[in-house]
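Below is one structure, written out as structure tokens; comments come after it.
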Amino acid sequence: MAEGASYMFATKKSAYHDTCIPRPVVPPPEFTPGKTLGKDFSKLDAITQSVIWKENVHAEQRCLKNWENNWGFLTEYDAKGNVKEKVELPEKSNMFSDNVPNTNSGNYGSRLDKDSGKAMQSLEFKFFSESRRKKLPEEMICY
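Residue 8 is where the sequence shown starts when you use our numbering, and the numbers rise one by one after that.
Structure, rendered in structure tokens:
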């Protein structure tokens, strides 16, 4: 009778079954004062951080110089693979614009002559009128 029930023996489990079972949680190793766990906190002073920062800046500058040799050819062609005409840039150029305001206050001031700017100014004047000093009536003045 035992031989007839061979179909009930455990068979090979599927890969899906292995992913369903949660993995056992392994606690982190305990801290021992003599050992460091990957990071040496004594080296995190300002001088070391400054050295690391300088190394990163130099590495980025080195990569920037090497980019022209390795990938600069990509700037010579358009998306379809045709050669682009190189645009000559002026040797000296002014970074300030004559047409567009250069600062946020310039953005604000350039629109004050229009109707929307005048309406905004009048609303601001009315909104801040309560915080302004007011002239006292003559009967309130005691001198």
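Here a beta-carbon is modelled for each residue, glycine too, at the ideal position from N, C-alpha and C.
Bear in mind the structure is a predicted one, so any value in this text is a computation, not a measurement.
{"Query": "So, using beta-carbon positions, are K91 and D85 closer together than 7 Å?", "Result": "yes"}
{"Query": "Would you kindly work out how many angstroms separate the C-alpha atoms of S104 and G124, rounded to a whole number?", "Result": "22 Å"}
{"Query": "What number of angstroms, rounded off, separates the C-alpha of M102 from the C-alpha of G113?", "Result": "15 Å"}
{"Query": "What would DSSP say about V33, mapped onto helix, strand or coil?", "Result": "coil"}
{"Query": "Excluding the 5 residues flanking E83 on each side, which residues of the same chain have their C-beta closer than 7 Å to its C-beta?", "Result": "V90 and K91"}
{"Query": "What residue does the alpha helix (DSSP H) around S123 start on, and which one ends it?", "Result": "D122 to F134"}
{"Query": "Quick check: what's the CA-CA separation for S100 versus N111?", "Result": "22 Å"}
{"Query": "What does a CB cutoff of less than 7 Å around G79 pick up in its chain, not counting 5 residues either side in sequence?", "Result": "none"}
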